[in-house]
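Asks: Below are the structure tokens for one structure; questions will follow.
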Amino acid sequence: MAGLTIDNVTKIFEDDDGEIVAIDDVSIDVADEEFLVLVGPSGCGKSTLLRMIAGLETVTSGTITLGDQIINDVKPQYLDVAMVFQSYALYPHMSVRGNMSFGLEESTDLSDDEIDEQVTESAEMMEIADLLDRKPSELSGGQQQRVALGRAIVRDPEVFLMDEPLANLDAKLRAQMRTELQRLQEDLGVTTIYVTHDQTEAMTMGDRIAILDDGRLQQVGDPLTCYHQPANQFVAGFIGEPSMNFFAMDLTGDRLVGERFEYPLTDALSAAVEGRDAVTFGIRPEDISFGGSAGEHAFEMDVDVVEPKGDENIVHLRLADADDEFGAHVSEERSPDAFVATISGMESVEAGESIVATIPPTAVHLFDATTGEAIHNRSLDNVDVSPVE
Amino acid sequence: MSTSNDSIVERATTVPRKRIGLYAALLAMVVLYLLPLETGLFTAFKTQSAFQTTIPVLPPIGNQITADPWFQAFDRLWPALGYSVAFVVPATALSALFGSLAAYGLTITKWRGQILIMLIFVAGIFIPYQAVLVPLTRFWTSIVNIRGLLGPEGSLVALSITHIAYGIPICTLLFRGHFKGLDQSMFEAARLDGATIRTIYRRIAFPLAIPMFAVTLIYQFTNIWNDLLFALVLVRGEYEVVTMALQSFTGSMVGQYNLLMAGAFITALPTIAVYVLFGKQFAEGVSGGGA
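Chains V and D are the protein sequences, given in the same order. So the first sequence is numbered by the numbering used here: it starts at 1 and just counts up by one. So the second sequence is numbered by the numbering used here: it starts at 1001 and just counts up by one.
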């Protein structure tokens, strides 16, 4: 077991049209036995970074250190890492046993008996012992996934690298494997770097998550910190489903003035925006509450669409008295008067209804209008985050 | 109800009529394609006099039947058959093996300039046999005096090597297509499993390419076995290969068509045998289904 250090790593792909910077000066420290999730939208470079750690891509500049060895130029076959691929990458002509023993046969001097013993042990751990003599084509997707994990586990490597290993599973199995993978990683205590584009996987699985966008590292931290204290607007929008509501606002006196609504500042917010004239205003859907009467932080809104999910309702809102200038539809690019709120599944609202929605100042995030950098994050003072005894 | 009954009756009568037309057309094509083969086969079993007095498509009857042409043809062909096998089998196997190795190196590994090398391979496919006849004979006499080095058997070695060289480009192209179709992350997984490039070929690429080996083996065997041009140019003296031996049937024996037909069938047999032997894998390889 060992920790992994990624130090100022850059990857540039040379193309016919010039250079493409896939990874731009990224530094991450992964502690021994840590579960780190690399998350970001597709094309952000997260898989490239993982492949660089595996030695499958060259490192343009910077260093990657495993334990106390720099592994920039170490060929994959000499690295003590095991990788799980999205496609599973099983050897189709070999049995499950053959797939699992291949790595041990190639990378160790163990005798056949010892290999067999380890394969059986790992297969039992993954509950695939009864599949050992089958070929991958005779297995279901979920079983193939288990074999792919088993093949990584049996190697007992210093680091697990996982490239969207659950992406090809159906939702139910994915949720189940998520839990199982976490438990497995905890039991084995192997340093794990897990790549995904799915923010739910990132939030639920990682000890820490590293958010990448366009080759640049946006934030590294534990999931709740990234959720409540995002470093910038990208992280705030990427983590959390449905996404945070954003509005471009100008600062006029002691109020923020948007295209469609005004928001009076409290002392804490005023202090944060001092010296600026424009900010991006952010509020998470679950922080918007319904009921009460209109006030300076409570607005009359019309319910546009309700998406019931059982445990919660996702409610699309538009400011009341809004004319149709911005279109009465819920679009990808939110119009400046549209909000998304989530409320408990037991509260019922219907499309067309008029309600009062409160945006509590303590839950407001503010970001720099041009750089997107966070200038004020929500207060957690009156939120109970103490562990359950 | 009555209308549906009508249509069923109608269908019952019209569909078979269409079918009859279809089967008739198919039968006509079968006859058309098999007639030359049947004629050849009957001719090979006829005596010389029967051949001259009967219509070629009719089967031999009674004392017209003879197997003599087969024995005669076999007697004259069998040394040539042996020489052909001796050079075709290694040429086929090695062109497929080298082709698969080249394709592996050009597909699974990454290095600068591999596209250029691949283009040179592809260009090799399009060089016509006729264009290289003179340089080829010069090569195997002035540059590498193969008969001087190995004696008369050198002819067969020269022929074999020439066919290997000529076969590598097309084999490489076929294997490259096959390797490109495989999951590339599987090869990456194997590297991370600690396997060397050589081991990955031996334990993963090679076993997965077996259907493609069947395709190239059949293709190359047929091509090389049936080749006359290179043989005529490169082979001197006693090591006549089977196509040369068969060709000599037409010259010396005027009008002995029964002998010629029997000889042609004997010559064709090995290629048919190879088809039958690798037919299943061939179908797999052609349809692109790996393991």
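Ideal Cβ placement from N, Cα and C applies to all residues, glycine included.
For a contact defined as C-beta to C-beta under 7 angstroms, what are the partners of S107 (chain V) on chain A?
Replies: Judged by its chain identifiers, the structure shown contains no chain A, and its protein chains are V and D.
Asks: Which runs of the alpha helix (DSSP H) at least 4 residues long sit entirely within the region 283 to 308 of chain V? Give them in chain order.
Replies: none
Asks: Quick one: does E1284 (chain D) have its CB under 8 angstroms from some CB of chain V?
Replies: Stepping through the second sequence from its first residue, residue 1284 (chain D) is reached at position 284. Not one chain V Cβ lies under 8 angstroms of E1284 (chain D).
Asks: Near P1059 (chain D), which residues of its chain fall below 7 angstroms by C-beta distance, leaving aside the five closest residues on each side in sequence?
Replies: Locating residue 1059 (chain D) in the second sequence gives position 59, where the first residue counts as 1. Once the five neighbours on either side are set aside, the close Cβ partners of P1059 (chain D) are F1042.
Asks: Determine, using beta-carbon pairs with one atom in the region 85 to 101 of chain V and one in the region 218 to 238 of chain V, whether at least three such pairs fall under 8 angstroms.
Replies: no
Asks: Determine, for M83 (chain V), whether the minimum Cβ-Cβ distance to residues of chain D falls below 8 angstroms.
Replies: The residue you call residue 83 (chain V) lines up with position 83 of the first sequence. Yes, M83 (chain V) counts as interfacial toward chain D.
Asks: Kindly identify the DSSP beta-bridge partner or partners of P264 (chain V).
Replies: As a working note, residue 264 (chain V) is residue 264 in the first sequence. Answer by DSSP bridge pairing, in chain order: V:R255.
Asks: Express the C-alpha separation of R183 (chain V) and T65 (chain V) in angstroms, rounding to a whole number.
Replies: Locating residue 65 (chain V) in the first sequence gives position 65, where the first residue counts as 1. Locating residue 183 (chain V) in the first sequence gives position 183, where the first residue counts as 1. Taking the straight line joining both Cα atoms gives about 26 angstroms.
Asks: Starting from the beta carbon of F102 (chain V), find every residue of chain D whose beta carbon is closer than 8 angstroms, and list them in chain order.
Replies: One-based indexing of the first sequence puts residue 102 (chain V) at position 102. Under the 8 angstroms cutoff, chain D gives A1190, D1193, A1195 and R1203.
Asks: List the residues of chain D that Y91 (chain V) touches, going by C-beta distances under 7 angstroms, in chain order.
Replies: For the purposes of this step, residue 91 (chain V) is taken as the residue at position 91 of the first sequence. Ordered by position in chain D, the residues that pass the 7 angstroms Cβ test against Y91 (chain V) are M1186 and I1204.
Asks: Hey, out of D:P1090, D:E1038, D:D1193 and D:G1148, whose CA is closest to W1225 (chain D)'s CA?
Replies: For the purposes of this step, residue 1225 (chain D) is taken as the residue at position 225 of the second sequence. That would be D:P1090, whose Cα lies nearest to the Cα of W1225 (chain D).
Asks: Quickly, what does DSSP pair A210 (chain V) with across the bridge? List them, please.
Replies: In the first sequence, residue 210 (chain V) corresponds to position 210, counting from 1. V:L38 and V:V220.
Asks: Determine which residues share a DSSP beta bridge with I1115 (chain D) and list them.
Replies: Start at 1 with the first residue of the second sequence, and residue 1115 (chain D) comes out as number 115. DSSP output for I1115 (chain D) lists no bridge partner at all.
Asks: Please identify the residue among V:P361, V:P242, V:R378 and V:G215 whose C-alpha is closest to the C-alpha of T342 (chain V).
Replies: In the first sequence, the residue the question calls residue 342 (chain V) occupies position 342. It is V:P242.
Asks: Name the residues in the region 349 to 382 of chain V whose C-beta lies less than 7 angstroms from a C-beta of chain D; which are they?
Replies: none
Asks: Between V:T5, V:A357, V:M244 and V:D381, which lies nearest to S293 (chain V) when the distance is taken from Cα to Cα?
Replies: Translated into the one-based positions of the first sequence, residue 293 (chain V) becomes position 293. Looking at the Cα atoms, V:A357 is the closest of the given residues.
Asks: Count the other CB atoms, across all protein chains shown, that sit within 10 Å of the CB of M1186 (chain D); report buried if there are 16 or more and exposed otherwise.
Replies: Stepping through the second sequence from its first residue, residue 1186 (chain D) is reached at position 186. It is buried - the Cβ of M1186 (chain D) has at least 16 other Cβ atoms within 10 Å.
Asks: In three-state DSSP terms, what is K135 (chain V)?
Replies: As a position in the first sequence, residue 135 (chain V) is number 135, starting the count at 1. K135 (chain V) falls in the coil class under three-state DSSP.
Asks: Would you decide whether F1126 (chain D) is buried or exposed? Buried here means 16 or more other CB atoms lie within 10 Å of its CB.
Replies: The sequence position of residue 1126 (chain D) within the second sequence is 126, counting from 1. Looking at its Cβ environment, which holds fewer than 16 other Cβ atoms inside 10 Å, F1126 (chain D) is exposed.
Asks: Of all Cβ atoms in chain V, is any one closer than 8 angstroms to the Cβ of L1208 (chain D)?
Replies: The residue labelled residue 1208 (chain D) in the question sits at position 208 within the second sequence. Taking Cβ atoms only, chain V reaches closer than 8 angstroms to L1208 (chain D), which makes this a yes.
Asks: According to DSSP, simplified to helix, strand and coil, what is S61 (chain V)?
Replies: Indexing the first sequence from 1 puts residue 61 (chain V) at position 61. Correct three-state label for S61 (chain V): strand.
Asks: Using CA coordinates, which residue listed in V:R378, V:L269 and V:L217 is at the minimum distance from D7 (chain V)?
Replies: On the first sequence, position 7 is the one that residue 7 (chain V) refers to. When each option's Cα is compared against that of D7 (chain V), the closest is V:L217.
Asks: Between the beta-carbon of N168 (chain V) and the beta-carbon of G150 (chain V), is there less than 8 angstroms?
Replies: Position 168 of the first sequence, counted from the first residue, corresponds to residue 168 (chain V). Position 150 of the first sequence, counted from the first residue, corresponds to residue 150 (chain V). No. Outside cutoff.
Asks: Return no unless some Cβ of chain D is closer than 8 angstroms to the Cβ of A54 (chain V).
Replies: Counted from its first residue, the first sequence places residue 54 (chain V) at position 54. It does: the Cβ of A54 (chain V) has a partner Cβ on chain D nearer than 8 angstroms.
Asks: Thinking just about the alpha-carbon of each residue, which of D:A1025, D:I1197 and D:F1087 is nearest to the one in G1154 (chain D)?
Replies: Start at 1 with the first residue of the second sequence, and residue 1154 (chain D) comes out as number 154. That would be D:F1087, whose Cα lies nearest to the Cα of G1154 (chain D).
Asks: Relative to the C-alpha of L1101 (chain D), which residue among D:A1209, D:Y1219 and D:V1057 is closest?
Replies: Here residue 1101 (chain D) corresponds to residue number 101 of the second sequence, with the count starting at 1. If we check each option's Cα against that of L1101 (chain D), D:A1209 comes out closest.
Asks: Quick one: what does DSSP say I314 (chain V) is sitting in, helix, strand or coil?
Replies: Position 314 of the first sequence, counted from the first residue, corresponds to residue 314 (chain V). Strand at I314 (chain V).
Asks: Taking the DSSP output, what are the residues bridged to N232 (chain V)?
Replies: Looking up residue 232 (chain V) in the first sequence gives position 232. DSSP lists V:E373 as partners of N232 (chain V).
Asks: Quick one: give me the first and last residue of the alpha helix (DSSP H) that Y1275 (chain D) is part of.
Replies: For this step, residue 1275 (chain D) is matched to residue 275 along the second sequence. Start and end: Y1257 to V1286.
Asks: Please list the terminal residues of the continuous alpha helix (DSSP H) segment that includes L4 (chain V).
Replies: As a first step, residue 4 (chain V) must be located in the first sequence, where it is residue number 4. Careful: L4 (chain V) lies outside any alpha helix (DSSP H), inside the beta strand (DSSP E) at L4 to D15.
Asks: Under 8 angstroms between beta-carbons, which chain V residues line up against D1183 (chain D)? List them in chain order, please.
Replies: Along the second sequence, one-based indexing puts residue 1183 (chain D) at 183. Counting only Cβ-Cβ distances below 8 angstroms, D1183 (chain D) has contacts in chain V at S87 and A89, in chain order.
Asks: If we require 4 or more residues per run, which alpha helix (DSSP H) segments fall completely within the region 1158 to 1190 of chain D?
Replies: none
Asks: Quick one: does T1199 (chain D) have its CB under 8 angstroms from some CB of chain V?
Replies: Here residue 1199 (chain D) refers to the residue found at position 199 of the second sequence. Answer yes: the Cβ-Cβ gap between T1199 (chain D) and chain V drops below 8 angstroms somewhere.
Asks: So with CB distances below 8 angstroms, who are the chain D contacts of Q145 (chain V)?
Replies: Along the first sequence, one-based indexing puts residue 145 (chain V) at 145. Here the premise fails: no neighbours, minimum Cβ distance about 14 angstroms.
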